[in-house]
Every structure is written in C-alpha cells, then in structure tokens.
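These notes concern the structure reproduced below.
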Amino acid sequence: MPALSPTMEEGTLAKWLVKEGDEVKAGDVIAEIETDKATMEVEAVDEGVLETILVAAGSEGVKVNTPIARLKGDGETAAPASAPAQSAGDAEKQQPEAAKPQPEGEATVPVKPKVELKDPEIPEGTPMVKITVRDALRDAMAEEMRRNPDVFLMGEEVAQYQGAYKVSRDLLQEFGDKRVIDTPITEYGFAGLGVGAAMAGLKPIVEFMTWNFAMQAIDHIVNSAAKTLYMSGGQIKSSIVFRGPNGAAARVGAQHSQDYSAWYGSVPGLKVVAPYDAADAKGLLKAAIRDPNPVVVLEHEMMYGVEFDIPDVEDWVVPIGKAKVRREGKDVTITAHSRMVGLALKAAEILAEEGIEAEIVDLRTIRPLDHETILESVKKTNRLVATEEGWGPMGVGAEIVARVIEHAFDYLDAPPLRVHQEDVPLPYAANLEALSLPSVDKIVKAAKAVCYK
Amino acid sequence: MARTRKAETSSGKGTDTGVSNRKGDLLDSYRSMLLIRRFEERAGQLYGMGLIGGFCHLYIGQEAVAVGMQKVAVKGDQIITGYRDHGHMLAAGMDPNEVMAELTGRAGGSSKGKGGSMHMFSVEAGFYGGHGIVGGQVALGTGLALANKYRENGNVSFTYFGDGAANQGQVYESFNMAQLWKLPVVYVIENNQYAMGTSLERASSETDLYKRGVSFRIPGEAVDGMDIEAVEAAGRKAADHARNGEGPYILEVKTYRYRGHSMSDPAKYRSKDEVDEVKKTRDPIDHLRGLLDAARVSEEELKEIDAEVKKIVAEAAEFARTSPEPDPSELYTDVYLEAAQ
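Rendered as structure tokens:
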C-alpha cells in the first residue's frame, strides 16, 4: 500500500485492474486506491508477472507499506508491488521508537476522555452520528449556503477538483459555479476580491489551500477586512470567513507547517476560531459564516480525516468566544486548541495513571479569548500549562500566561509553563520534526513540573 | 454629446433634462471641480494651522478625472480609490462638512473621526474608500464588481489607482480575475506622473499604462485627464463596456498634481517650471472655462458659482473646526458588530 499523501496512514484498495497471471510493465495502472483525499491510480514500478494478489479488492484500512501483491520478474525473486521506500509510512517504520515523526500517533485516533463528561451544550439523549472533521466542515458550508443565497465559496481547487483536501466535496454539484468559484493561484488578489464582495454585502467564504499561503493575503485580512469597520465609523462591514488548514501537517517542511493562531489572534477586528473535533468544526464554522465580522477559521490537516461523534440535530451552531472544559481535573489546568487538544487529552490519561488529575481547557476560539473559563479553571487547580503547536515567543500560551498572572496571580502555586514548537523553522527530517513539535511527552513533563513531581 | 443616462446620473445637482443642457452640464462640472479645488486649498491651509494631522494628499490639478468619471456613474455604482481621495468623495456627492471634519478628526467627520484623510466611506454615495495601502483598493474594487455580477444588478465598480499602484502585483492578479470572470469594473489609472517622488519613467518599464491589460485581453485607452469632456466620453465608453457584460476596461487618464505627494513633500524631484507650465497650459478648470465661454456662459453666472463654492468651503472649514473631538467612549466602538444569534 503506497503512501499517496503526506498524512495518509492507511487506504482502501478499491479495485484491481489486473489479475493474477497478468504480465505488467512499469507504468501500467494496476489498481485504484482510495486515500483520505481522493481515489488514486497505482502504477507498477517494475515489470513481470503478477504472481499473487495479497490484498483483495474492497479491503479497507490497509496500512501504508503493507504488500498488496507480488510480482515475479524473469522467473526471479518476487517483489512486492508497493510503495517506494521513501514513503512517509516507511520512514516511520524505520525510525527508532523515540524519533517517530508523529510521536504518539494521536492525530489519527480521536482521543476520548476516560471519564464521561457532561457537555452543557448537548442536551442529554441527543442522538449522535459519526462524522469526520472534513465532512463536518463541508456540511457546515452546505447548510449555510442553503440558508443564505449570499454565501459563496471561493479558493483554489474548491470547485471542479472538489477541494485540495476534499473539504468542499459535492458543493459545486449542489450550488453551481456561481457560488463555488475556482480561483487562479493568487491569494493576495482573491482575498482582496473576497473582502470587496463582503463590503458590498455578500458573504464570501475564502478558502486558503493552507494558511501558509495566506501570508500573501494577510494585507487584505488585516488592513482591509479587520480595520474597515472601525475606519469607516461603523459604515462598512466585512462579513467574511477566511478558512483552511493551519499548522504542521506531516513532513512538508518549514514553509508549509506554520501555526498562525498568534498572528491573527493579535488583530482587533478579527475573530479567530480553531476547532478540535467535528462538532466544534461544524458548529464554529456555521457561527463564523453567520457572524457579521471577519472570522479566521484555523483548521488542521491532520484532523480532517478523524471521525468524531457529532449531535445529529437540525442546526448545530457553536458560539464563538466560548472555551470548553474537555476533561475535568483538580491538579493542573492544561490549555490547548485545535489538534493540541488531542495531545493534551492523551497526556491527561498518562498523568492520571500517575495520580495527577489534569483539567483540559479547549480554547476553541483564540479571539475573543474566553479567559473567564481559563481563570476559573486555574483558580481551582492553581497550576497552568499552556500548550500550542506554534512558536512560543509572543504566542497564544504567552498571552494566556500573561492573563493568568494579571488576574489570578495569587491563586498560582507554581510558575506557569508553556509547551510549544521549538524556536526553529520546522525541519523536514522525521526525527528533527518530531523533536521540534510539541508532544504528549512534553505536555506530561510540563504538567509534572508545575506539580513539582 | 449623447446624454442618454443624464437623468440617472448620481452627480446630483442640476439634472434638468433637455437639449440645451450642455451648458447646464458644463456648469455642474465647473461647480464640482471648483469645489474640489477650493476645498483642497482650504484643507492645505488647515493642515498648515495644525488642525489636520498625519498624511494629507491633495487632489489639486486632477479635478477633471473624478468629476468627469462621476458623470457616467448611475445609482448603485461603486467608487473606490486610494489615499488621494477627497476629490472623489466630493464628486460622489458626500457632504463637504463631513469630509472636512474627518480631516480634522472630529466627531462630525464621515468616519466619526476614526478614519482620517485616507479612510472615508459612504455607502449612500457609493463610495467605498479611501484606502491607505497602495494598490489594495484594486482587488477590493474588483470584489465590488464581483458582487455586482453575483447580484446581476447592472452596476459598475469604478476602481481608481495611480501610476505608482500600477506596479503592484495584486493589480495584475485582479486584472486576470476581472477578465476571466468578465466582471463589471472600470479601472481608472490616474497617471499624475509621480509615485510620491519617483517619476513614471524611473519606475515603470512600460510607461503606457493603458497597455497594462494587454496580456489579460483587457482593452485600454489613454485619455487627456485635463479635459473633462474627454474623460466623460472615455468613461462612458468604458462603463458601457463593463455594464454590457463585456468585462473590465482600463482608462489611463493623464493628469498632474500641482502639490507635493503629501503636505510634507517639497516636491524637489521636479522643476517649478514644469509645474508652472502645466498650470499655465493644461489646467483642467481653465480648460473648462474655455468651454463655458464658447457655450456663452456669462461671467456673472460663474461668479455666482464661485461665491456659492466659497461659502460651502468656508462652512465646511468652520464645521471642521468647531465639531467636537470624538467622545472617548468611541475608542472601543465599531471594532466588532454584534452577532445576531
């Protein structure tokens, strides 16, 4: 099973296009494989006779690098018709345990708190359905587009290609090319067009293929969208959503792996949300689309394919500006947002085994930050670890620590600690990438340190 | 000249229709252009008195552009420009009191004193700013056109920028999408020959800016921006093109600014002779006076307008001086709109 995307860990062998005994040449399409993003054709890398099919058509969840068939060339040793050795999955296998690219593999498995938590937003007995974050985001857009004819989506590959990460799948088919608009690769330009359309009263959703590319457009996000209401004395609104995957993916290098939470979180006039699970992804995106202000929605590529339970209700909207306690605990408060919530929950489980009860506060919204919920938690636990995927200096964690010191200094029993990416551009090498990114282990260590354990 | 849309123009005053209207039209233009010039002269004076702060970019010399183009705009059309924006606002019919009070940063200003010279807006007048980042308004104006097409409302976005902004990358990103999607936008390049202190020749490898759309298949033409009738005629052709669904159109309007880039610019990069020559031979208001003479407008009628304009400007200055500063409570308003959920 070849790795066909940076984040792919398993795939479905949809169809064999050859049968045992067939002769194949290098470059022949031999099978179709469904990844988390697309259906891809697999070509033979060698020539010979297809001796044995090892994985039958229709098999789901086939791990990357699993041999799927055996080729026999010139009566010699048969070789697996699978991925080249440099695939991400392969690299992971060859790494020593301590230096895996994704140390805990937590991104692909939804971490469920052991203790069943009451969620004030979800009434008891609400029916739940399983859905990926990707589809939750898609449904949010589709529902809001049905609700309001002024809502439209624009961005690179959002229409005919169905979304670079398949988040806009089927939207073109339902809403047509007037409302699902493929743009040229011109972030600065199309972000500006989006803001202009918003100034005229429409409700654009501008998708950036990743937030890394939005640095070219940050002028319009900040100077045009965030500031114009103020500069116009309240006359011109920019009700617009900017969304896309943010932060580190897997092995894509420094220019494709930055977390912009702190950047946009520092700008008055913007709202910034960073959901973790499917319910928040859907509910917050719907709230963002309805919000009369410009909203930055920071998604996470590593979370797109993760399935979560989501309330199966008519109109699921999560209010912007409200954090959520994902796990209750009395010993230490751990704040996190986006994918970091999963790491924090996992850390909490490990800490619990060692007798430390961590309270996990999922920020959900970066701006306006729900510091009441954070303070309330810290006043209870008296200890704080602030985590984020981005860099530490001037970061979200720095802001949280500052606010806690300003408003709850006397409650603290230990200096707060921050867990974040190391202060370097994100390296490509698997071991260095793992060393640079925040991890469950780093959170556990920090939590123990503030507990003096 | 054909006046088919006269009754719908949003330039405001004197919209009586009929055949003898060239004279009335010219008088309207005279009033608008003179208002801009006198307003800007007064703004320069108030700046010198310390009543206006920060950056202040005057439109003197370029009056025929905004006034001529405004004649082809109909209700619902949008106007958007950069930071040299006072002329466009007055031409669009915004209240001179509010514009001047915004310059002085007072509560009576069009942005309640929170925008300043470069950031004024009026949805009512179809004026979408007033943008301080060179070239930013080009993408925004193209977005206004996208909204027009989305709504199929038949409106056109008049997107102004200068010869300096014409070198910004986002201008070409916008050109590409505007033509690709046939958006109703007229790009008006006000070529006043200097991007701050850098002359067109020193900054642009192709100085015929009307050709800048060629590789996007956008038609363009050069226009004498000191001749209001030429501006109007070209503007009408361009606006019709855009309104008829044929996509964007570029007008390179050749004009000149008499003052420095901003109030603090001594304009040492050009000779006094150069400026004097333009004032003497190409002044847009003198040119219009020539047309008025030929149309047999009496000196008396003009004097009447002079007095009227003088009064409006004096009142605006007085309003801008006496309007109170914004209440401190305004500091935290207009940052966010309340979400209705």
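Protein chains in written order, with my numbering: chain V, 1 to 453; chain Z, 1 to 341. We treat Cβ as the ideally placed atom computed from N, Cα and C, and that holds for glycine.
Measure the Cβ-Cβ separation of residue i and residue j and say whether it is below 8 Å.
{"i": "V/G196", "j": "Z/G141", "result": "yes"}
{"i": "Z/I189", "j": "Z/Y128", "result": "no"}
{"i": "V/R146", "j": "V/V167", "result": "no"}
{"i": "Z/N191", "j": "Z/E232", "result": "no"}
{"i": "V/G194", "j": "Z/G135", "result": "no"}
{"i": "V/V332", "j": "V/A402", "result": "no"}
{"i": "V/I30", "j": "V/A14", "result": "no"}
{"i": "Z/A166", "j": "Z/L209", "result": "yes"}
{"i": "V/L171", "j": "V/Q160", "result": "no"}
{"i": "V/L300", "j": "V/R339", "result": "Before going further, note that residue 300 of chain V is His rather than Leu in the sequence given. Taking 8 Å as the Cβ cut-off, V/H300 and V/R339 qualify as a contacting pair."}
{"i": "Z/L35", "j": "Z/V223", "result": "no"}
{"i": "V/E41", "j": "V/E32", "result": "yes"}
{"i": "Z/E325", "j": "Z/G105", "result": "yes"}
{"i": "V/I221", "j": "V/A191", "result": "yes"}
{"i": "V/P416", "j": "V/L375", "result": "no"}
Three-state secondary structure (DSSP) at residue i?
{"i": "V/L384", "result": "strand"}
{"i": "V/L229", "result": "helix"}
{"i": "V/A358", "result": "strand"}
{"i": "V/S455", "result": "Only positions 1 to 453 of chain V appear in the structure, and residue 455 of chain V is not among them; the question remains open."}
{"i": "Z/V123", "result": "coil"}
{"i": "V/W211", "result": "helix"}
{"i": "Z/M89", "result": "helix"}
{"i": "Z/G247", "result": "coil"}
{"i": "V/M128", "result": "strand"}
{"i": "V/F242", "result": "strand"}
{"i": "V/I374", "result": "helix"}
{"i": "V/H420", "result": "strand"}
{"i": "Z/V278", "result": "helix"}
{"i": "V/A26", "result": "coil"}
{"i": "Z/E221", "result": "strand"}
State the start and end residues of the unbroken beta strand (DSSP E) segment that holds residue i.
{"i": "V/W16", "result": "E10 to W16"}
{"i": "V/T335", "result": "V332 to A336"}
{"i": "Z/N191", "result": "V185 to N191"}
{"i": "V/V450", "result": "Unbroken run through V/V450 is the alpha helix (DSSP H), V440 to V450; no beta strand (DSSP E)."}
{"i": "V/D182", "result": "V180 to D182"}
Note down the Cα distance separating residue i from residue j, rounded to an integer number of angstroms.
{"i": "V/D22", "j": "V/V55", "result": "16 Å"}
{"i": "V/A136", "j": "V/P67", "result": "33 Å"}
{"i": "V/A217", "j": "Z/C56", "result": "27 Å"}
{"i": "Z/G61", "j": "Z/K280", "result": "12 Å"}
{"i": "Z/V186", "j": "Z/R31", "result": "25 Å"}
{"i": "Z/Q168", "j": "Z/F175", "result": "11 Å"}
{"i": "V/W391", "j": "Z/Y59", "result": "46 Å"}
{"i": "V/P204", "j": "V/I181", "result": "10 Å"}
{"i": "Z/P184", "j": "V/A348", "result": "57 Å"}
{"i": "Z/M94", "j": "Z/S111", "result": "12 Å"}
{"i": "V/Y276", "j": "V/A323", "result": "11 Å"}
{"i": "Z/P219", "j": "V/N293", "result": "37 Å"}
{"i": "Z/N148", "j": "Z/G162", "result": "24 Å"}
{"i": "V/N431", "j": "V/K380", "result": "38 Å"}
{"i": "V/V313", "j": "V/L284", "result": "15 Å"}
{"i": "V/T52", "j": "V/V18", "result": "11 Å"}
{"i": "Z/F319", "j": "Z/A294", "result": "37 Å"}
{"i": "V/A98", "j": "V/S261", "result": "Because the pLDDT at V/A98 is just 39, under 50, the model does not fix this residue reliably, and the value given afterwards should be weighed accordingly. Roughly 28 Å separates the two Cα atoms."}
{"i": "Z/R37", "j": "Z/Y258", "result": "11 Å"}
{"i": "V/E20", "j": "V/L71", "result": "9 Å"}
{"i": "V/L4", "j": "V/T39", "result": "10 Å"}
{"i": "Z/S329", "j": "V/G233", "result": "13 Å"}
{"i": "Z/K53", "j": "Z/I305", "result": "The identity of residue 53 of chain Z in the sequence shown is Gly, whereas the question assumes Lys. Looking at the two C-alpha atoms, the distance is approximately 30 Å."}
{"i": "Z/I133", "j": "Z/G82", "result": "7 Å"}
{"i": "V/D410", "j": "V/V378", "result": "11 Å"}
{"i": "Z/Y336", "j": "Z/A242", "result": "35 Å"}
{"i": "Z/D343", "j": "V/P393", "result": "This structure cannot speak to residue 343 of chain Z, because chain Z is shown only from 1 to 341."}
Grab the span of the alpha helix (DSSP H) containing residue i for me, first residue to last.
{"i": "Z/S32", "result": "N21 to G48"}
{"i": "Z/Q170", "result": "G169 to L180"}
{"i": "V/Y188", "result": "E187 to M199"}
{"i": "V/S436", "result": "A430 to S436"}
{"i": "V/F175", "result": "L171 to F175"}
Could you pull the DSSP bridge partners for residue i from this structure?
{"i": "V/M154", "result": "V/I181 and V/V206"}
{"i": "V/R327", "result": "V/I360"}
{"i": "Z/Q78", "result": "Z/S157"}
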